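Undergrad: Mind having a look at this structure? Questions to follow.
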């Protein structure tokens with residue numbers, strides 16, 4: 005689709021479209037986002053923060069005087085805008101604006117009372133998330149959902165969780181290591197062996213009343229499109245896995261910007277010093293708003309001291325070496341026709357994952373004609389959600 009705003013800054017446009025899309029399930033209002041975005045200076049992270057912090061604060065204050073239903077709606081939108089306000093600030097993890105906005109975002113979501121908060125035992129601590137119970141008697145299928153590189157459990161409300169009940173599914177969302185509540189509250193950083201995260205979540209899910217143990221599916225969003233299949237390769241209790249969108253090798257998003265083969269990138273990224281590599285990354289940050297943001301956020305959630313160390317760690321997030329081939333449950337691989345991060349070639353990351361699967365598999369492509377060609381189909385959430393649940397119905 006044509007970029008309607010921030011024509012020189014793909015990352016700002018993508019995040020704006022992401023906010024527009026949340027309107028489908030009450031997480032934003034189009035006019036509010038448009039008005040806030042119109043005040044943002046392209047490429048200026050402080051300007052972005054100030055615009056969405058001011059919008060969120062205004063709705064938060066209005067909710068205090070509103071009736072119960074209106075207050076719920078205001079709080080859901082405020083939660084989204086507070087989260088967006090701190091989104092670009094992670095280059096300096098000590099920035100007090102990060103915690104201030106994030107804490108208020110979670111407070112608003114909890115006060116909206118749209119799902120039951122849960123704490124899932126994990127490695128001596130807990131993973132935080134939400135449980136959505138479908139109405140009716142008897143055991144029902146369960147969709148476990150997690151986000152990826154930068155999304156959180158609260159945002160999953162607008163990416164399929166809120167729709168679960170009407171489709172007859174319980175939904176359990178959670179933040180794993182590296183994701184918002186885990187990295188902020190428990191200081192848990194990302195790990196590529198995601199089965200060690202999902203297995204205790206499945207253990208927890210099996211103790212929930214009304215869950216059919218034979219119909220548990222896992223959905224991962226964005227980088228979760230690599231993490232969820234990774235977990236499915238080693239967790240036999242999953243009946244299906246959904247990758248939104250599919251990722252075979254997450255490092256491809258970085259490697260496409262560098263002039264060396266993968267083996268050399270790995271070697272140089274791990275080296276004690278490499279001034280040429282550092283200079284390339286510095287130049288890349290100047291030229292690409294997406295690389296600038298990815299390196300800043302990546303250092304934060306992977307515990308890297310430098311951009312090059314972030315690259316070294318991020319290259320570990322892959323389904324190579326026969327991992328994808330180990331999956332035995334049915335897999336839905338979603339693909340965006342114009343993916344900002346994992347497209348741009350004939351052999352997109354979703355198609356690479358699809359080609360390596362031995363399990364029953366479906367490739368579902370979303371297009372510009374549908375308004376759904378952006379990464380994870382932001383802006384077309386109802387379309388994507390409906391198709392995913394219909395696939396789950398046929399599969400489970």
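Residue numbers (our numbering): 5 to 400. Just so it is clear, CB atoms sit at the ideal spot from N, CA and C, and this is done for glycine as well. Being a predicted model, the structure only gives us computed values, none of them experimental.
(1) Given a threshold of 16 other Cβ atoms within 10 Å of its Cβ, counted over all protein chains shown, does residue 339 qualify as buried or as exposed?
(2) Measure how close the beta-carbons of residue 212 and residue 148 come, nearest whole angstrom, since I'm counting them as under 8 Å.
(3) Alpha carbon to alpha carbon, what distance is there between residue 56 and residue 341?
(4) In the DSSP assignment, find the unbroken alpha helix (DSSP H) run with residue 251 in it and report its ends.
(5) Using a 10 Å radius around the Cβ and a threshold of 16 neighbouring Cβ atoms, would you call residue 159 buried or exposed?
(6) With a cut-off of 8 Å, do at least 3 Cβ pairs link the segment 167-187 to the segment 120-131?
(7) Any idea which residues DSSP pairs residue 132 with across the strands?
(8) At what residues does the alpha helix (DSSP H) containing residue 387 begin and finish?
(9) Quick one: measure Cβ to Cβ for residue 225 and residue 392, integer angstroms, because I've assumed they're closer than 8 Å.
(10) Let me confirm a value: residue 314 is counted as buried when at least 16 other C-beta atoms fall within 10 Å, else exposed. Which label applies?
(11) Tell me the rounded alpha-carbon separation between residue 26 and residue 382.
(12) For residue 257, which residues from the same chain have a beta carbon less than 7 Å from its beta carbon, with the 5 sequence-adjacent residues on both sides left out?
(13) Apart from the five residues just before and just after residue 335, which ones in its own chain have a Cβ nearer than 6 Å to its Cβ?
(14) Go to residue 403, then tell me how far its alpha helix (DSSP H) extends in each direction, as first and last residue.
(15) Using three-state DSSP, classify residue 68 as helix, strand or coil.
(16) Measure from the alpha carbon of residue 86 to the alpha carbon of each residue in 96, 120, 105, then state which is nearest.
(17) With distance defined between alpha-carbon atoms, name the residue in 235, 228, 188 nearest to residue 202.
(18) So the alpha helix (DSSP H) residue 184 belongs to, where does it begin and stop?
(19) Helix, strand or coil for residue 331 per DSSP?
(20) Looking at C-alpha atoms only, which residue of 173, 324, 109 is the closest neighbour of residue 156?
(21) Of all the options 43, 299, 101, which has the alpha carbon lying nearest to the alpha carbon of residue 312?
(22) So, with DSSP's three-state summary, where would you put residue 225?
(23) Could you spell out where the beta strand (DSSP E) holding residue 145 opens and where it closes?
(24) Could you check where the alpha helix (DSSP H) with residue 20 kicks off and where it finishes?
(25) Can you list, in chain order, the residues of its chain with a C-beta nearer than 7 Å to that of residue 143? Leave out the 5 residues immediately preceding and following it.
(26) Starting from residue 113 and walking both ways along the alpha helix (DSSP H), at which residues does that stretch end?
(27) What is the DSSP secondary structure of residue 317, counted as helix, strand or coil?
(28) Can you tell me whether residue 244 is helix, strand or coil according to DSSP?
(29) Let me make sure I understand the geometry here. Which of 153, 250, 164 has the alpha-carbon closest to that of residue 187?
(30) Provide the residue(s) that pair with residue 339 in DSSP beta bridges, ordered along the chain.
TA: Inspection of the coordinates gives the following:
(1) Mapped onto the chain shown, residue 339 falls at position 335. Buried.
(2) Reading the chain shown from its first residue, position 208 is the one you call residue 212. Reading the chain shown from its first residue, position 144 is the one you call residue 148. Contact doesn't hold; Cβ gap of about 11 Å is too wide.
(3) What you label residue 341 is simply residue 337 of the chain shown in a count that begins at 1. What you label residue 56 is simply residue 52 of the chain shown in a count that begins at 1. The straight-line gap from Cα to Cα measures roughly 29 Å.
(4) Taking the chain shown and counting its residues from 1, the one referred to as residue 251 is at position 247. Premise fails: residue 251 is in no alpha helix (DSSP H) and is neither H nor E.
(5) One-based indexing of the chain shown puts residue 159 at position 155. Classification of residue 159: buried, given that the 10 Å Cβ count is 16 or more.
(6) Touching, yes.
(7) In the chain shown, counting from the first residue as 1, residue 132 sits at position 128. 123.
(8) Working through the chain shown from its first residue, we reach residue 387 at position 383. Counting along the chain, the alpha helix (DSSP H) containing residue 387 begins and ends at 385-399.
(9) Reading the chain shown from its first residue, position 221 is the one you call residue 225. Reading the chain shown from its first residue, position 388 is the one you call residue 392. Rounded, the Cβ-Cβ distance is 11 Å, inconsistent with contact.
(10) By one-based count along the chain shown, residue 314 stands at place 310. With 16 or more Cβ atoms within 10 Å of its Cβ, residue 314 is classed as buried.
(11) The residue given as residue 26 occupies position 22 in the chain shown. The residue given as residue 382 occupies position 378 in the chain shown. Cα to Cα, residue 26 sits roughly 8 Å from residue 382.
(12) Position 253 of the chain shown, counted from the first residue, corresponds to residue 257. So the qualifying residues of the chain are 345, 346.
(13) Taking the chain shown and counting its residues from 1, the one referred to as residue 335 is at position 331. Only 245, 361, 363, 365 meet the Cβ criterion.
(14) In the structure displayed, the chain extends from 5 to 400; residue 403 sits before or after that span and is not available.
(15) One-based indexing of the chain shown puts residue 68 at position 64. Coil.
(16) Translated into positions along the chain shown, residue 86 becomes position 82. Of the candidates 96, 120, 105, the one whose C-alpha sits nearest the C-alpha of residue 86 is 105.
(17) Walking along the chain shown from the start, residue 202 turns up at place 198. For residue 202, the nearest C-alpha among the options comes from 235.
(18) Counted from its first residue, the chain shown places residue 184 at position 180. That run of the alpha helix (DSSP H) goes 184-189.
(19) Translated into positions along the chain shown, residue 331 becomes position 327. If DSSP states are grouped into helix, strand and coil, residue 331 belongs with coil.
(20) Mapped onto the chain shown, residue 156 falls at position 152. Of 173, 324, 109, the residue nearest in Cα terms is 109.
(21) Residue mapping note: residue 312 aligns to position 308 of the chain shown, counting from 1. With distances taken between Cα atoms, residue 312 lies closest to 299.
(22) On the chain shown, position 221 is the one that residue 225 refers to. Residue state, collapsed to three classes: strand.
(23) The residue labelled residue 145 in the question sits at position 141 within the chain shown. Its beta strand (DSSP E) spans residues 144-150.
(24) Locating residue 20 in the chain shown gives position 16, counting from the first residue. Boundaries of the alpha helix (DSSP H) around residue 20: 14-25.
(25) The count along the chain shown starts at 1 and reaches residue 143 at position 139. 214, 215, 216, listed in sequence order.
(26) The residue given as residue 113 occupies position 109 in the chain shown. Element bounds for residue 113: 100-116.
(27) Residue 317 sits at position 313 when you count from the first residue of the chain shown. Helix, per DSSP.
(28) Here residue 244 refers to the residue found at position 240 of the chain shown. It is a strand residue.
(29) Along the chain shown, one-based indexing puts residue 187 at 183. Ranking 153, 250, 164 by Cα distance to residue 187 puts 153 first.
(30) Here residue 339 corresponds to residue number 335 of the chain shown, with the count starting at 1. For residue 339, which the question treats as bridged, DSSP gives the partners 369.
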